[in-house]
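No gaps in the numbering here: position 325 of the sequence shown is 325 in full-length UniProt numbering, and each next residue is one more.
Note that CB positions come from ideal geometry on N, CA and C, so glycine has one too.
Because the structure is a prediction, the values reported are computed rather than measured.
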Amino acid sequence: MKNIKISVIIIIAIIFLIAFKSIKGLDIIADVKDETVKIGVLLPLTGPAEPTGTKLKYAIEVAEEIINGKHDVDFALGTTEGLPNLNNKKIEFIYTDHKANPETARIEAERLIKEENVAALIGAYHSSATKTASQVAEEYKIPFLAGSSSSASLTNRGYDYFYRIAPNDDMETEFFFEYITYLNKRFDAGIKTIGIVYIDNEYGIHAAEMVDKWLDEKYGEQGFEIAVKVIYSEDLLDIDDGINKIKEANPDVIFQASYIEDVTQFVKKYKENNIVPKAVLNYCGGFQDPVFIDNLGDDGNYFSGSSASMPAIFKNSESENRINEFYKKKSGEDIDGPALEEFSSAMIIADAINTAGSTNGDEIVEVLKTKSFQTPYFISRSIEFNENGQNSQTISFMVQIQDGKYELVWPMEIQEKQPQILNK
Numbered sequence: 001m002k003n004i005k006i007s008v009i010i011i012i013a014i015i016f017l018i019a020f021k022s023i024k025g026l027d028i029i030a031d032v033k034d035e036t037v038k039i040g041v042l043l044p045l046t047g048p049a050e051p052t053g054t055k056l057k058y059a060i061e062v063a064e065e066i067i068n069g070k071h072d073v074d075f076a077l078g079t080t081e082g083l084p085n086l087n088n089k090k091i092e093f094i095y096t097d098h099k100a101n102p103e104t105a106r107i108e109a110e111r112l113i114k115e116e117n118v119a120a121l122i123g124a125y126h127s128s129a130t131k132t133a134s135q136v137a138e139e140y141k142i143p144f145l146a147g148s149s150s151s152a153s154l155t156n157r158g159y160d161y162f163y164r165i166a167p168n169d170d171m172e173t174e175f176f177f178e179y180i181t182y183l184n185k186r187f188d189a190g191i192k193t194i195g196i197v198y199i200d201n202e203y204g205i206h207a208a209e210m211v212d213k214w215l216d217e218k219y220g221e222q223g224f225e226i227a228v229k230v231i232y233s234e235d236l237l238d239i240d241d242g243i244n245k246i247k248e249a250n251p252d253v254i255f256q257a258s259y260i261e262d263v264t265q266f267v268k269k270y271k272e273n274n275i276v277p278k279a280v281l282n283y284c285g286g287f288q289d290p291v292f293i294d295n296l297g298d299d300g301n302y303f304s305g306s307s308a309s310m311p312a313i314f315k316n317s318e319s320e321n322r323i324n325e326f327y328k329k330k331s332g333e334d335i336d337g338p339a340l341e342e343f344s345s346a347m348i349i350a351d352a353i354n355t356a357g358s359t360n361g362d363e364i365v366e367v368l369k370t371k372s373f374q375t376p377y378f379i380s381r382s383i384e385f386n387e388n389g390q391n392s393q394t395i396s397f398m399v400q401i402q403d404g405k406y407e408l409v410w411p412m413e414i415q416e417k418q419p420q421i422l423n424k
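Below is the structure:
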């Protein structure tokens with residue numbers, strides 16, 4: 001009997017030992033899994049928008065290097081290694097390809113949250129993809145910080161977990177109207193009629209709606225009016241029909257909401273058909289990409305658009321110059337506006353997590369709501385989010401291509417070159 005008792009005790013001890021080691025093993029696994037703080041990144045990494053997605057990925061990779069290394073860059077997380085308030089854990093960006101497809105973006109957002117256990121999401125460039133992915137983030141109470149998606153509808157949904165850095169198309173449209181008002185007053189440009197050219201998706205449709213809105217609310221009374229609207233399909237099969245409408249209407253100015261592949265084709269068609277408005281103003285889609293100049297050469301001269309970055313201001317910003325150096329080593333090109341906005345989204349979400357000292361979604365959001373994030377690489381020098389999650393600080397300016405270079409032409413207080421007006 002005594003031997004049986006001893007045997008039972010030994011068996012029980014062995015069971016406890018095995019259980020203890022198993023628990024310790026699970027703890028070790030958990031520790032390994034928690035060695036990094038994961039952030040999900042949704043981008044178009046294949047298909048027609050792949051070049052854009054790749055450059056945005058480069059920008060986020062630069063942010064990751066700055067956060068995780070020690071580079072003595074003078075802004076938050078630029079002089080430390082990892083996240084100081086989380087035991088110097090490293091940031092790990094998990095990339096996924098949404099293929100410019102809103103449904104794919106939705107599926108991938110859910111996968112990143114459920115399988116990769118990301119603390120937050122950033123991306124997704126295309127407003128339509130950002131819309132569906134952020135719906136999932138809202139459902140799971142995961143912060144989503146969009147860098148360059150511009151549709152104003154994204155921040156008009158009453159979401160608690162969605163934030164955006166780039167100016168929305170409502171803000172950009174007002175910016176365009178103020179600019180052409182300036183051209184009329186300062187240079188007697190004679191701009192009155194407007195042509196709207198826009199892609200048939202969330203980004204383009206909402207931009208066009210904002211033109212109608214601002215005409216109704218303010219600028220129609222100043223004499224501006226729409227001469228023609230051209231909506232085109234993503235496959236560009238109807239581009240010639242749109243060109244014919246523009247040529248017939250002959251607007252004084254064109255507001256264009258297009259991606260880099262689309263706007264390149266439209267500019268070629270404008271040249272072929274001798275369509276020369278006084279100005280063509282581009283929303284934050286494709287014009288800002290340096291590939292625009294590479295694709296078009298001299299034909300790209302005098303086109304304009306809003307941007308948050310350009311080589312001319314690097315000399316006035318040590319921070320942006322350093323960022324551009326990192327970026328150029330990867331891409332071979334200067335960092336453009338959308339890339340800088342995505343870089344900023346990576347830096348700010350990491351800063352928010354570090355400030356919170358937590359990966360809890362509600363605690364991260366509380367920081368996003370209340371903190372003024374120092375961003376010396378933008379002209380605003382800071383980013384602050386309003387009650388809708390929209391950055392309230394002005395980070396954009398008007399640029400125009402002159403002699404094959406992007407030149408800063410407005411506002412006047414930071415103007416580098418005077419704008420050139422055609423057909424005056």
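- Counting only the Cα atoms, Arg186 lies some 43 Å from Ser134.
- Shortest Cα-Cα distance from Ser344 to any of Ala146, Glu103 and Gly158 involves Ala146.
- The DSSP assignment places complete beta strand (DSSP E) segments of no fewer than 3 residues inside the segment 241-269 at 253-257, in order along the chain.
- A direct Cα-to-Cα measurement between Gly69 and Glu272 gives close to 50 Å.
- The shortest C-alpha to C-alpha distance from Phe144 to any of Gly357, Phe397 and Ala352 is the one to Ala352.
- Collapsing the DSSP output to three states places Asn88 in coil.
- When C-alpha distances from Ile348 are compared across Leu42, Leu45 and Ala76, the shortest belongs to Ala76.
- Look at the beta carbons and you see the segment 186-201 touching the segment 241-261: at least three pairs across the two are nearer than 8 Å.
- Straight-line spacing of the CA atoms in Ser127 and Asn87 works out to 35 Å.
- Runs of the alpha helix (DSSP H) lying entirely within the segment 354-419 and spanning at least 4 residues, in chain order: 361-370.
- Counting only runs of at least 3 residues, the segment 201-248 fully encloses the following beta strand (DSSP E) elements, listed from N- to C-terminal order: 225-232.
- Taking C-beta atoms under 8 Å as the contact rule, Ala59 and Tyr327 qualify, at a distance of about 6 Å.
- Assigned with DSSP and collapsed to three states, Arg157 falls in coil, not helix or strand.
- When the five nearest sequence neighbours on each side are left out, the beta carbons in the same chain lying within less than 8 Å of the beta carbon of Asn386 are those of Ser392, in order along the chain.
- By the Cβ neighbour-count rule, Pro419 is buried, with 16 or more other Cβ atoms within 10 Å of its own.
- Annotation for Lys90: Thr36, Asn68 and Gly82 place their beta carbon closer than 6 Å to its own, counting only its chain and skipping 5 residues before and after.
- Note on geometry: alpha-carbon atoms of Asp216 and Glu225 lie some 10 Å from one another.
- Assignment of Lys38 by DSSP, reduced to helix, strand and coil, places it in the strand class.
- In the structure shown, Thr46 falls within a coil segment according to DSSP collapsed to helix, strand and coil.
- Note that the C-beta distance between Val276 and Leu422 is below 8 Å.
- Residue state for Phe144 is assigned as strand, using DSSP reduced to three classes.
- The continuous beta strand (DSSP E) containing Leu281 extends over residues Ala279 to Asn282.
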